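> My questions will all concern the structure given below.
Numbering (the working numbering), first residue to last: 18 to 587.
Here's what the structure looks like:
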């Protein structure tokens with residue numbers, strides 16, 4: 018409808034997998050290189066995974082256009098098949114005649130083997146590509162593994178490329194799939210586009226369709242990135258709907274109101290209590306399925322201090338901390354990032370540097386105002402995205418908050434959920450997520466990016482705002498979440514009777530705190546004396562004085578600085 022209006026030769030944002038429209042981001046180039054490598058090597062599996070709509074099928078279509086002359090390709094795009102049906106489909110794709118009334122796998126297996134041997138003798142290579150491979154059953158995957166056993170003395174006869182969603186990666190990681198996993202010779206996980214890539218992606222598709230006009234201004238492209246999470250298919254749907262709206266309104270391009278209206282039509286109506294699970298998966302910040310177990314609670318609860326009748330209360334399971342009123346930060350509180358020098362670390366893990374707060378230059382707003390009504394349903398997802406982006410923590414699309422936190426553990430980070438007195442805000446080091454309760458409207462999450470003595474800079478539903486620190490304190494519930502470089506103890510602790518380097522490190526850190534040096538034993542033992550010293554340290558730092566070195570005690574010890582230690586063993 019809008020093609021003639023904007024001068025397009027064809028619809029630029031069709032969701033069909035047309036390889037002409039494939040935008041080759043750095044990730045897509047790497048993924049294609051893995052697929053081309055799969056066409057050259059001898060046997061085994063090549064795995065390409067990615068979230069829904071990231072471009073796996075379109076990339077495969079590009080691959081089919083680059084298949085070498087000596088390759089025969091069988092392509093299966095509906096893998097919800099039984100073992101018998103899969104072999105029949107493979108025979109049809111390779112032009113192998115099917116026997117009459119097949120009742121077992123053996124006749125088909127024999128014919129496939131004979132065909133592959135003949136093709137190999139003629140110098141041809143056979144490749145089987147299966148799309149949506151996350152739908153394959155374990156029995157069919159095992160059958161595919163057996164097909165890769167077909168070989169001559171010198172060559173494997175069949176190369177298999179599996180394309181699928183993230184679930185495929187989980188499927189082949191199962192213990193009963195270890196034989197197949199050992200046959201995987203190359204694998205790649207396709208991530209969504211970055212913010213700058215979204216703009217380049219939109220311009221690329223408009224150019225292919227014959228337009229050089231700037232139909233989406235740069236601020237709208239940033240908005241589009243936040244709405245879509247960088248997922249190409251969702252970008253296409255949003256842009257298509259927005260261009261249609263601009264055409265109907267007689268506008269020369271898309272504006273903010275038109276894009277937001279398109280988002281509501283595509284993603285569904287705003288929901289205050291619980292955003293749709295599909296949106297969270299699309300945004301790559303799945304805050305829904307695991308909310309309760311992750312310590313996030315979105316169900317409406319009656320609240321005496323809220324005048325709008327049962328608002329969503331967030332971070333309800335966050336542990337309560339006793340913190341002092343605003344004062345100069347000290348090394349004994351739990352308010353700042355841990356120093357990199359004093360942390361127990363996982364061997365081989367390169368930790369991320371804590372983000373450096375930028376100076377606050379924007380004039381402050383008088384009060385904290387929640388997101389616009391049409392944006393409220395996005396506030397949780399965008400707050401988490403802002404926090405992770407600020408740390409430059411590149412994570413794949415998580416299924417829930419727990420999954421996101423597990424991913425950042427691989428970067429020597431951990432998620433901390435806390436509740437403190439609002440007056441303690443001046444002691445906290447950004448970035449972190451705050452739960453805010455505005456004068457009007459429901460509570461919402463915002464990301465504190467920076468603060469000074471009087472002002473704070475917030476990310477609220479994708480927009481950057483500056484507010485007075487006093488106004489922010491007034492509207493803060495005291496609940497927060499932050500990322501922190503911290504030891505990963507995975508449920509383990511040190512207590513009376515423990516031995517090893519971990520115990521020696523605890524002893525050394527206590528010496529720093531005590532301001533004295535003690536002689537060291539050859540085999541460090543967590544004995545009575547060390548337990549008493551741990552209790553004194555815990556009591557002085559407001560911790561439970563049980564003499565056991567768990568997560569909180571370990572973090573406080575790490576704040577003392579000094580030499581590094583290995584992570585506590587699992």
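Beta carbons are placed, not taken as given, at the ideal position from N, Cα and C, and that holds for glycine. Here the structure is a predicted model, which means the values were calculated and not measured.
Would you call the stretch 175-184 and the stretch 140-149 in contact, with 3 or more CB pairs under 8 Å?
yes
> Please go through the same chain and pick out, in chain order, the residues whose beta-carbon is closer than 6 Å to the beta-carbon of residue 186, but skip the five residues on each side of it.
Here the set comprises 66.
> Assign residue 534 to one of three DSSP states: helix, strand, or coil.
coil
> What number of angstroms, rounded off, separates the C-alpha of residue 589 from the C-alpha of residue 264?
Limits of the chain in this structure are 18 at one end and 587 at the other, which puts residue 589 out of reach.
> Using a 10 Å radius around the Cβ and a threshold of 16 neighbouring Cβ atoms, would you call residue 208 buried or exposed?
buried
> State the CB to CB distance for the pair residue 62 and residue 200, rounded to an integer number of angstroms; the pair is presumed to be in contact (CB under 8 Å).
5 Å
> Measure from the alpha carbon of residue 73 to the alpha carbon of each residue in 32, 156, 493, 109, then state which is nearest.
Proximity to residue 73 across 32, 156, 493, 109 peaks at 32, based on C-alpha coordinates.
> Going by C-alpha distance, which of 528, 259, 388, 479 is nearest residue 20?
259
> Per the DSSP calculation, residue 435 is bridged to which residue(s)?
497
> From the DSSP output, in three-state form, read off residue 294 for me.
Residue confidence is low: residue 294 scores 37 on pLDDT, short of 50, so the model does not pin down where it sits. No coordinate-derived value is stated.
> To which residues of the same chain is residue 396 closer than 7 Å at the C-beta, ignoring the five residues directly before and after it?
388, 461, 462, 478
> From residue 254 to residue 226, what does the alpha carbon distance come to, in whole angstroms?
16 Å
> Whose CA, out of 234, 113, 257, 210, lies closest to the CA of residue 248?
Restricting attention to 234, 113, 257, 210, the CA atom closest to the CA of residue 248 is found in 210.
> For a quick check, are the C-beta atoms of residue 573 and residue 560 less than 9 Å apart?
yes
> Terminal residues of the continuous beta strand (DSSP E) containing residue 484?
480-485
> At what residue ranges does the stretch 148-227 contain a whole run of the beta strand (DSSP E), taking only runs of 3 or more?
175-181, 201-207
> Once you ignore the five residues that flank residue 25 on each side, which residues in its own chain have a CB closer than 7 Å to its CB?
For residue 25, the CB contacts under 7 Å within the same chain, skipping 5 residues up- and downstream, are 226, 227, 228 in chain order.
> Should residue 511 be labelled buried (16 or more other beta-carbon atoms within 10 Å of its own) or exposed?
buried
> Report the start-end ranges of each beta strand (DSSP E) in the stretch 64-102 that is 3 residues or longer and not cut off at the edges.
88-93
> Would DSSP call residue 470 helix, strand or coil?
coil
> Report all residues from its chain with a CB closer than 6 Å to the CB of residue 261; omit the five preceding and five following residues, and keep chain order.
Answer for residue 261: 19, listed in chain order.
> If you compare alpha carbons, which of 487, 457, 458, 281 is closest to residue 469?
487
> One question on the structure: do residue 490 and residue 476 come within less than 9 Å of each other, judged by their Cβ atoms?
no
> Count the other CB atoms, across all protein chains shown, that sit within 10 Å of the CB of residue 156; report buried if there are 16 or more and exposed otherwise.
exposed
> Rounded to whole angstroms, what's the CA-CA distance from residue 306 to residue 184? Just pull it up for me.
For residue 306, the predicted structure reports a pLDDT of 33, less than 50, and the residue's modelled location is therefore unreliable. A value from the coordinates is still provided. Cα to Cα, the separation comes out at about 15 Å.
> Would you kindly work out how many angstroms separate the C-alpha atoms of residue 267 and residue 399, rounded to a whole number?
31 Å
> Name the one or two DSSP bridge partners that residue 142 has.
88
> Can you check which of these residues, 236, 87, 55, is closest to residue 77 by C-alpha distance?
Cα-wise, what sits closest to residue 77 is 55.
> With DSSP run on the structure shown, which of helix, strand or coil describes residue 357?
Confidence at residue 357 is low in this model, with a pLDDT of 33, below 50, so the placement of that residue should be treated as unreliable; the coordinate-derived value is given next. Residue state, collapsed to three classes: helix.
> Short check: CB of residue 592 to CB of residue 100, under 9 Å?
Nothing can be reported for residue 592: it is not among the residues displayed for the chain, which extend from 18 to 587.
> Taking the beta strand (DSSP E) that residue 450 belongs to, which residues open and close that run?
It spans 449-453 - the beta strand (DSSP E) in which residue 450 sits, taken as one unbroken run.
> Quick test of the definition: if touching needs 3 or more C-beta pairs under 8 Å, does the stretch 490-500 touch the stretch 435-447?
With a cut-off of 8 Å, the stretch 435-447 and the stretch 490-500 count as touching, because enough Cβ pairs lie within range.
> Determine the burial state of residue 355: buried for a count of at least 16 other Cβ atoms within 10 Å of its Cβ, exposed for fewer.
Here the model assigns residue 355 a pLDDT of 33, short of 50, so the residue's position is not dependable, and the following value carries that caveat. Buried, because 16 or more other Cβ atoms sit within 10 Å of the Cβ of residue 355.
> Give the DSSP-derived three-state secondary structure of residue 463 in the structure shown.
It is a strand residue.
> So what's residue 559 in DSSP terms, helix, strand or just coil?
Residue 559: coil per DSSP, three-state reduction.
> Need the endpoints of the alpha helix (DSSP H) that residue 400 sits in, please.
396-407
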